[in-house]
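These notes are about the structure you will find just below.
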Amino acid sequence: MKIQMKTPLVEMDGDEMTRVLWQQIKEILLEPYVDLYTEYYDLSLPIREETKDQVTVDAANANKKYGVAVKCATITPNAQRVEEYNLSQMWKSPNGTIRAILDGTVFRTPIMVNGIVPAVRTWQKPITIARHAFGDVYKASEIRVPEAGVARLVFEGEDGQVISEEIAAFEGPGVLQGQFNKDKSIESFARSCFEYALSKNEDLWFSTKDTISKKYDHRFKDIFQEIYDNEYKEKFEARNLEYFYTLIDDAVARVIRSKGGFIWALKNYDGDVMSDMVSTAFGSLAMMTSVLVSPEGNYEYEAAHGTVTRHYYKYLKGEETSTNPVATIFAWSGALRKRGEVDDLPDLVAFADHLEEATLETIEAGEMTGDLVGLWTREDIPAVKLNSTDFLKAIASRLDAKQNA
Ligand code: NAP
Ligand code: MG
Numbered sequence: 083m084k085i086q087m088k089t090p091l092v093e094m095d096g097d098e099m100t101r102v103l104w105q106q107i108k109e110i111l112l113e114p115y116v117d118l119y120t121e122y123y124d125l126s127l128p129i130r131e132e133t134k135d136q137v138t139v140d141a142a143n144a145n146k147k148y149g150v151a152v153k154c155a156t157i158t159p160n161a162q163r164v165e166e167y168n169l170s171q172m173w174k175s176p177n178g179t180i181r182a183i184l185d186g187t188v189f190r191t192p193i194m195v196n197g198i199v200p201a202v203r204t205w206q207k208p209i210t211i212a213r214h215a216f217g218d219v220y221k222a223s224e225i226r227v228p229e230a231g232v233a234r235l236v237f238e239g240e241d242g243q244v245i246s247e248e249i250a251a252f253e254g255p256g257v258l259q260g261q262f263n264k265d266k267s268i269e270s271f272a273r274s275c276f277e278y279a280l281s282k283n284e285d286l287w288f289s290t291k292d293t294i295s296k297k298y299d300h301r302f303k304d305i306f307q308e309i310y311d312n313e314y315k316e317k318f319e320a321r322n323l324e325y326f327y328t329l330i331d332d333a334v335a336r337v338i339r340s341k342g343g344f345i346w347a348l349k350n351y352d353g354d355v356m357s358d359m360v361s362t363a364f365g366s367l368a369m370m371t372s373v374l375v376s377p378e379g380n381y382e383y384e385a386a387h388g389t390v391t392r393h394y395y396k397y398l399k400g401e402e403t404s405t406n407p408v409a410t411i412f413a414w415s416g417a418l419r420k421r422g423e424v425d426d427l428p429d430l431v432a433f434a435d436h437l438e439e440a441t442l443e444t445i446e447a448g449e450m451t452g453d454l455v456g457l458w459t460r461e462d463i464p465a466v467k468l469n470s471t472d473f474l475k476a477i478a479s480r481l482d483a484k485q486n487a
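Take any residue in the sequence shown, count from 1 to its spot, add 82: that is its number in the numbering used here.
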């Protein structure tokens with residue numbers, strides 16, 4: 083008897099090599115055990131073009147309706163893609179569209195295996211980066227200053243108040259940038275982080291550059307502190323968990339000296355950069371889980387890497403690829419586990435656990451994709467490079483044993 087589901091999981095299919103893996107993961111690892119009940123949205127670029135990107139909006143709204151989604155990597159079009167896919171427009175990043183609709187915070191956690199040692203010797207547990215996914219430099223206005231002149235920052239209130247401040251007097255050409263964020267978005271960022279820390283039972287760190295940015299970054303710091311004091315302090319203390327704020331320079335030094343095992347909340351840009359640093363130091367982007375958590379408690383699970391275009395072109399030529407499916411498998415297991423928890427389906431939760439265990443045990447037995455072979459450090463177990471499909475089958479044989487135990 084296959085495991086039955088109660089509520090549909092929102093399935094967002096994607097592009098290129100990850101789309102190929104998506105199908106294989108379903109066939110080889112999921113469908114033999116779970117009677118998959120999904121609401122399917124095809125976010126591949128041709129369908130986004132055909133629907134004028136309505137499919138992305140529909141998928142995000144379905145995520146809001148049902149609560150849990152799993153998303154495949156998708157192409158974010160650039161000029162070259164517009165030509166390649168004969169697009170009528172350079173459609174926006176689907177991840178950006180989904181984040182704008184759901185709001186919230188992206189949590190990224192490295193997947194650790196025995197045999198791949200982090201570049202930082204002291205790290206024994208994963209470090210989760212919580213990245214604010216709204217505003218700042220990503221929504222900034224910029225001016226290329228052409229000549230001498232004065233730049234001012236001006237706010238005009240609805241009720242007529244005007245606040246104006248001189249930014250700089252230019253003697254000649256230069257550059258200028260205006261950034262913003264909103265209290266409402268920072269508040270939901272803070273709440274998502276506190277909730278996530280409680281759900282993981284881990285400490286929460288938060289860092290900005292408030293000593294230099296005395297109003298902007300300071301506002302982030304104050305909002306976090308207010309929400310902590312008013313809504314979370316007791317819950318954290320009851321669990322012996324810690325929330326602490328520190329300057330980003332200090333945080334970077336502490337993170338490197340730490341043992342890991344905590345959540346590090348960061349503003350949008352800091353989170354973008356630090357998540358690449360942390361994931362690389364732990365191993366690779368293909369060994370990283372990523373979940374968007376909205377303030378209303380909606381979850382979207384995805385892989386942090388892209389569509390692995392270079393491998394896809396090899397695949398199209400009929401060549402074998404050794405593409406790492408781990409992040410995509412963990413997107414599925416994360417989403418199925420969450421669905422199981424919300425719908426009270428212990429068999430589905432157990433299946434998600436088994437799928438993750440089987441995946442890690444396969445790698446720990448030395449069977450892995452090419453990207454991991456170079457990172458392997460164990461000498462007692464030789465690393466064997468498998469192609470994409472054989473790697474999934476190697477996981478399936480272990481999963482089968484667990485499901486039938
Ligand atoms: P990418 O797909 O992440 O791949 C970059 C390189 O990293 C690959 O060529 C490969 O290196 C390695 N790599 C990444 N994931 C891997 C995996 N699972 N297994 C093995 N190797 C892996 O990034 P990209 O080439 O810059 O972007 C490709 C497309 O993905 C773009 O159209 C971009 O818009 C899109 N993208 C989507 C998302 C998303 O939907 N979340 C995120 C980022 C990018 P080797 O070639 O050396 O083996
Ligand atoms: Mg980045």
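Idealized CB from N, CA, C, for every residue including glycine.
Sorry if obvious, but does the Cβ on residue i come closer than 7 angstroms to a heavy atom of the ligand NAP?
i      : result
ASN406 : yes
GLU384 : yes
GLY388 : yes
LEU367 : yes
ALA151 : no
THR138 : no
ASN145 : no
THR156 : yes
ARG392 : yes
ASN546 : This structure cannot speak to residue 546, because the chain is shown only from 83 to 487.
ASN168 : no
ASN177 : yes
THR444 : no
THR451 : yes
ALA409 : yes
Given a cut-off of 8 angstroms, decide if residue j and residue i are closer than it, judged by their beta-carbon atoms.
i      : j      : result
ALA409 : MET370 : yes
LEU32  : GLY365 : Only positions 83 to 487 of the chain appear in the structure, and residue 32 is not among them; the question remains open.
THR120 : GLU93  : yes
ILE309 : ALA272 : yes
LYS376 : LEU184 : The amino acid at residue 376 is misidentified as Lys; the sequence shows Ser. Taking 8 angstroms as the Cβ cut-off, SER376 and LEU184 qualify as a contacting pair.
ASP95  : TRP104 : yes
ARG421 : MET87  : yes
SER223 : VAL236 : no
ARG213 : THR187 : yes
ALA230 : PHE262 : no
GLU363 : VAL195 : One detail in the question is off: residue 363 reads as Ala in this sequence, not Glu. Going by C-beta atoms, ALA363 is not nearer than 8 angstroms to VAL195.
ALA155 : ALA385 : yes
ILE85  : ASP426 : no
GLN485 : TYR115 : yes
GLU438 : SER470 : no
THR290 : ILE345 : no
ASP454 : ILE198 : The identity of residue 454 in the sequence shown is Leu, whereas the question assumes Asp. Contact: yes.
Below 8 angstroms on the Cβ atoms is my guess for residue i versus residue j; work out the distance and round it to an integer in Å.
i      : j      : result
ALA487 : THR444 : Contact flag wrong, Cβ pair sits at about 17 angstroms.
ASN283 : ARG321 : 6 angstroms
ALA151 : ALA434 : Wrong, their Cβ atoms sit about 15 angstroms apart, outside the cutoff.
LEU286 : CYS275 : 6 angstroms
LEU169 : GLU131 : 5 angstroms
SER357 : ARG190 : 5 angstroms
Counting along the chain, where does the alpha helix (DSSP H) carrying residue i start and finish?
i      : result
GLY178 : 176 to 184
GLU382 : No alpha helix (DSSP H) contains GLU382, which is instead part of the beta strand (DSSP E) from 381 to 385.
GLY197 : Premise fails: GLY197 is in no alpha helix (DSSP H) and is neither H nor E.
GLN307 : 298 to 309
ASP41  : Coverage of the chain is limited to positions 83 through 487, which leaves residue 41 absent and any answer about it impossible.
GLN162 : 161 to 166
GLY416 : 408 to 424
MET99  : 98 to 107
ALA141 : 136 to 148
PHE288 : Not the alpha helix (DSSP H): PHE288 falls in the beta strand (DSSP E), residues 285 to 289.
Locate the beta strand (DSSP E) running through residue i, then write down its first and last residues.
i      : result
LEU348 : 344 to 348
LEU323 : Element bounds for LEU323: n/a, residue is neither H nor E.
VAL375 : 370 to 375
THR471 : Here THR471 belongs to no beta strand (DSSP E); instead the alpha helix (DSSP H) covers 470 to 485.
ARG234 : 231 to 238
GLN259 : 256 to 260
ILE245 : 244 to 252
LEU91  : 91 to 95
With a threshold of 16 other CB atoms inside 10 Å of the CB of residue i, please say whether the residue is buried or exposed.
i      : result
ASN312 : exposed
ARG101 : buried
VAL219 : exposed
ARG460 : exposed
THR405 : buried
ARG226 : exposed
ASP265 : exposed
THR403 : buried
ASN160 : exposed
ARG149 : The sequence shown places Gly at residue 149, rather than the Arg named in the question. Buried, because 16 or more other Cβ atoms sit within 10 Å of the Cβ of GLY149.
PHE326 : exposed
LEU125 : buried
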